[in-house]
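In this note's numbering, the protein residues as written are 5 to 463.
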């Protein structure tokens, strides 16, 4: 008989707090590590929630998925954007493959699962569901069951970029308690071969409280009232994980994974302001006051490049015959892209020293490039800084704060991986990457790995 598989996802969980000398005391995770293998899990490029969870559970990279973030270009128009929800995923994920093989599955809170699609079991959507008035479960009657048995379902932490830290911390704990309560109910009441849940509170905690708990953060204040918040929350999650593992029983392989890590955010780079100053972007607006780039009127015949903000920068080029008012000749495209990448990587920081940017081409990152990818991915300060889209005002190129609200942490390349089970390898594993998870799960479930799936079975 094949063993059951339990996957517990902790969005944004950082290796720094789980492994090594700064790890928080977490006895249940430590016991799983001692009973199996563990290590850093290299995320995809870009290392962000969407598309990272979809990459992990499909074994496909972002280029194959054609998804490069929450918001993506639908076409080569200037304003044709779409949000990458479940409808954007056109390849099967682990629970789809297992469902077709006759396995019973439970899927809870995994990003990019709304709108819901049928599975051989039960599915509760992740945070892209608009609200609990929507049909966020499969089957539909599961929604009423959760309301009756669990007091409802919390989709996400509202307003996690806020100065009201006490209220935010309460909402983060409320989400975590609700997510694990729903998980315990589903685990105890449904037959399953594969069970997966994702807890989003870790991510929201990092963005809201990282500077308070990380002494290395540039704006850390020793002795602040929230300095132990990260430790306390990780330990609370560790306890809930232990309860769920106990409920699952002994004939279960357990995986603890995160889609990416986290690190201190030093500030933001106002990428569109830089493009304006470099003579590559022209707008018709009065920029005496700061303004969202999306609200500007762009002079496209005088624009060669523009960008989007976020945890990484997405730079788009205005190419003749591709964009409606393109100005870069097709034969000059690669040379211009190389030149722009070099200029971005030569950008100094506010102290005049090299900021350490990385400008990457999608064709260099992926096996294939589907959809409309950015022409360049930019990791400012190698992810120490985020990309800020606003322009204008008296602000310099570098912002101390995120333009969408307080945010202490940026995403980092490495998440966490722990595998515990009777046949799991032992000890620390190096070189693990996000797409190794899907074939490892399918192998544990005794189901064939589809042709074309990336990654390797972790043996």
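Cβ atoms here follow ideal geometry from the backbone N, Cα and C, with glycine treated the same way.
Here the structure is a predicted model, which is why all the values come from computation and not from measurement.
Quiz prompt | Backbone secondary structure at residue 403 - three-state DSSP | solution = Working through the chain shown from its first residue, we reach residue 403 at position 399. Correct three-state label for residue 403: strand.
Practice problem: State yes or no: is the C-beta of residue 59 within less than 8 Å of the C-beta of residue 48? | Solution: In the chain shown, residue 59 corresponds to position 55, counting from 1. In the chain shown, residue 48 corresponds to position 44, counting from 1. In contact: residue 59 and residue 48 (Cβ atoms closer than 8 Å).
Self-check item: Pick from 14, 45, 348 that is closest to residue 433, judged by C-alpha positions
Solution: Position 429 of the chain shown, counting from 1, holds the residue named residue 433. Proximity to residue 433 across 14, 45, 348 peaks at 45, based on C-alpha coordinates.
Self-check item: Same chain, Cβ closer than 6 Å to residue 17, neighbours up to 5 away in sequence not counted
Solution: What you label residue 17 is simply residue 13 of the chain shown in a count that begins at 1. Taken in chain order, the residues that qualify are 206, 262, 420.
Quiz item: Is it the case that the Cβ atoms of residue 344 and residue 309 are separated by a distance below 8 Å?
Solution: Against the chain shown, residue 344 aligns to sequence position 340. Against the chain shown, residue 309 aligns to sequence position 305. Their beta carbons are under 8 Å apart, which means residue 344 touches residue 309 by this criterion.
Exercise. Confirm, please, whether the CB-CB distance from residue 67 to residue 326 is below 8 Å.
Key: Sequence index remark: in the chain shown, residue 326 carries index 322 (1-based). Sequence index remark: in the chain shown, residue 67 carries index 63 (1-based). No, the Cβ-Cβ distance between residue 326 and residue 67 is not below 8 Å.
Self-check item: Buried versus exposed call for residue 394 [16 or more other C-beta atoms within 10 Å across all chains shown]
Solution: In the chain shown, the residue the question calls residue 394 occupies position 390. Result: buried.
Exercise. Indicate whether residue 10 and residue 22 have their beta-carbon atoms separated by less than 8 Å.
Key: For the purposes of this step, residue 10 is taken as residue 6 along the chain shown, with counting starting at 1. For the purposes of this step, residue 22 is taken as residue 18 along the chain shown, with counting starting at 1. Not in contact: residue 10 and residue 22 (Cβ atoms no closer than 8 Å).
Self-check item: CB of residue 341 within 8 Å of CB of residue 247, strictly
Solution: Walking along the chain shown from the start, residue 341 turns up at place 337. Walking along the chain shown from the start, residue 247 turns up at place 243. Judged by beta-carbon spacing, residue 247 lies beyond the 8 Å limit of residue 341, meaning their Cβ atoms are not closer than that value.
Quiz item: Within this structure, are the beta carbons of residue 161 and residue 176 separated by less than 8 Å?
Solution: As a first step, residue 161 must be located in the chain shown, where it is residue number 157. As a first step, residue 176 must be located in the chain shown, where it is residue number 172. In this structure, residue 176 lies closer than 8 Å to residue 161 by Cβ.
Quiz item: Nearest chain B C-beta to residue 444 closer than 8 Å, yes or no?
Solution: The structure shown contains no chain B; it holds only a single protein chain.
Exercise. To the nearest angstrom, report how far apart residue 5 and residue 380 are at their CA atoms.
Key: Locating residue 5 in the chain shown gives position 1, where the first residue counts as 1. Locating residue 380 in the chain shown gives position 376, where the first residue counts as 1. Its pLDDT being 47, under 50, residue 5 is placed unreliably in this model, and the value from its coordinates should be taken loosely. Distance between the alpha carbons of residue 5 and residue 380 is about 48 Å.
Quiz item: The alpha helix (DSSP H) spanning residue 421 covers which residue range?
Solution: On the chain shown, position 417 is the one that residue 421 refers to. Premise fails: residue 421 lies in the beta strand (DSSP E), 418–424, not in any alpha helix (DSSP H).
Practice problem: Let me know the alpha helix (DSSP H) ranges lying completely inside the region 262–313, each 4 residues or longer, listed in chain order. | Solution: Runs found: 275–281.
Quiz prompt | Test item: CB-CB of residue 438 and residue 56 under 8 Å | solution = Against the chain shown, residue 438 aligns to sequence position 434. Against the chain shown, residue 56 aligns to sequence position 52. Result yes, Cβ atoms of residue 438 and residue 56 sit closer than 8 Å.
Quiz item: Is the Cβ-Cβ distance between residue 126 and residue 142 less than 8 Å?
Solution: By 1-based counting over the chain shown, the position of residue 126 is 122. By 1-based counting over the chain shown, the position of residue 142 is 138. If you check the CB distance, residue 126 and residue 142 come in under 8 Å.
Quiz item: With 16 other CB atoms within 10 Å as the buried threshold, where does residue 69 fall?
Solution: Reading the chain shown from its first residue, position 65 is the one you call residue 69. Buried.
Practice problem: Give me whichever residues DSSP pairs with residue 85 in a beta bridge. | Solution: In the chain shown, counting from the first residue as 1, residue 85 sits at position 81. Answer by DSSP bridge pairing, in chain order: 77.
Exercise. Kindly indicate the opening and closing residues of the alpha helix (DSSP H) around residue 340.
Key: In the chain shown, residue 340 corresponds to position 336, counting from 1. For residue 340, the enclosing alpha helix (DSSP H) covers residues 337–349.
Practice problem: Measure the C-alpha to C-alpha separation of residue 146 and residue 388 and round it to an integer number of angstroms. | Solution: Within the chain shown, residue 146 is the residue found at index 142, counting from 1. Within the chain shown, residue 388 is the residue found at index 384, counting from 1. Near 42 Å, if we compare the C-alpha coordinates of residue 388 and residue 146.
Quiz item: Short check: CB of residue 257 to CB of residue 105, under 8 Å?
Solution: Here the question's residue 257 lines up with position 253 in the chain shown. Here the question's residue 105 lines up with position 101 in the chain shown. No, these two residues do not count as a Cβ contact at 8 Å.
Quiz prompt | Boundaries of the beta strand (DSSP E) in which residue 159 is found, first to last residue | solution = Residue mapping note: residue 159 aligns to position 155 of the chain shown, counting from 1. No beta strand (DSSP E) holds residue 159; DSSP gives it neither H nor E.
Self-check item: Integer-rounded CB distance, given that residue 166 should sit under 8 Å from residue 410
Solution: For the purposes of this step, residue 410 is identified with residue 406 of the chain shown, where counting begins at 1. For the purposes of this step, residue 166 is identified with residue 162 of the chain shown, where counting begins at 1. The beta-carbon distance between residue 410 and residue 166, rounded to whole angstroms, is 7 Å. This is short enough to meet the 8 Å contact definition.
Quiz item: From residue 202 to residue 112, what does the alpha carbon distance come to, in whole angstroms?
Solution: Here residue 202 is taken as the residue at index 198 of the chain shown, counted from 1. Here residue 112 is taken as the residue at index 108 of the chain shown, counted from 1. Rounded to whole angstroms, residue 202 to residue 112 spans 7 Å at the Cα level.
Quiz prompt | Beta carbon of residue 448 nearer than 8 Å to that of residue 459 | solution = Within the chain shown, numbered from 1, the residue matching residue 448 stands at position 444. Within the chain shown, numbered from 1, the residue matching residue 459 stands at position 455. The Cβ atoms of residue 448 and residue 459 lie no closer than 8 Å to each other.
Quiz item: Whose C-alpha, out of 63, 39, 280, 117, is nearest the C-alpha of residue 132?
Solution: Walking along the chain shown from the start, residue 132 turns up at place 128. If we check each option's Cα against that of residue 132, 117 comes out closest.
Self-check item: Cβ pair residue 101, residue 352 closer than 8 Å
Solution: The residue given as residue 101 occupies position 97 in the chain shown. The residue given as residue 352 occupies position 348 in the chain shown. Between residue 101 and residue 352, the C-beta spacing is not below 8 Å.
Exercise. Compare the C-alpha of residue 87 against each of 97, 96, 134, 64 and name the closest.
Key: Taking the first residue of the chain shown as position 1, residue 87 is located at position 83. Of the listed residues, the one whose Cα sits closest to residue 87 is 134.
Quiz item: residue 198: which of 8, 406, 423 sits nearest, CA to CA?
Solution: For the purposes of this step, residue 198 is taken as the residue at position 194 of the chain shown. Comparing Cα-Cα distances from residue 198 to each of 8, 406, 423, the minimum goes to 8.
Quiz prompt | Beta carbon of residue 412 nearer than 8 Å to that of residue 214 | solution = Here residue 412 refers to the residue found at position 408 of the chain shown. Here residue 214 refers to the residue found at position 210 of the chain shown. With a cutoff of 8 Å on beta-carbon distance, residue 412 and residue 214 are scored as near each other.
Quiz item: CB-CB under 8 Å to residue 324, same chain, minus the five flanking residues each way: which ones, in chain order?
Solution: Within the chain shown, numbered from 1, the residue matching residue 324 stands at position 320. Only residues of its own chain outside the window of five on either side were considered, and among them 330, 331, 332, 333, 334 have a CB closer than 8 Å to the CB of residue 324, listed in chain order.
Quiz item: Taking C-beta to C-beta, are residue 210 and residue 51 nearer than 8 Å?
Solution: In the chain shown, counting from the first residue as 1, residue 210 sits at position 206. In the chain shown, counting from the first residue as 1, residue 51 sits at position 47. Contact: no.
Quiz item: Given that a residue counts as buried once 16 or more other Cβ atoms are within 10 Å of its Cβ, and exposed if not, what is residue 277?
Solution: For the purposes of this step, residue 277 is taken as the residue at position 273 of the chain shown. By the neighbour-count rule (16 or more Cβ atoms within 10 Å), residue 277 is buried.
Practice problem: Would you mind sorting residue 254 into buried or exposed? The rule is 16 or more other CB atoms within 10 Å of its CB. | Solution: Residue numbering aside, residue 254 sits at position 250 when the chain shown is read from its first letter. With fewer than 16 Cβ atoms within 10 Å of its Cβ, residue 254 is classed as exposed.
Quiz item: Which ranges would you report for the beta strand (DSSP E) in the region 103–150 if only whole runs of at least 3 residues count?
Solution: As summarised for the region 103–150, the continuous beta strand (DSSP E) elements at least 3 residues long and confined to that stretch are 109–114, 125–129, given in chain order.
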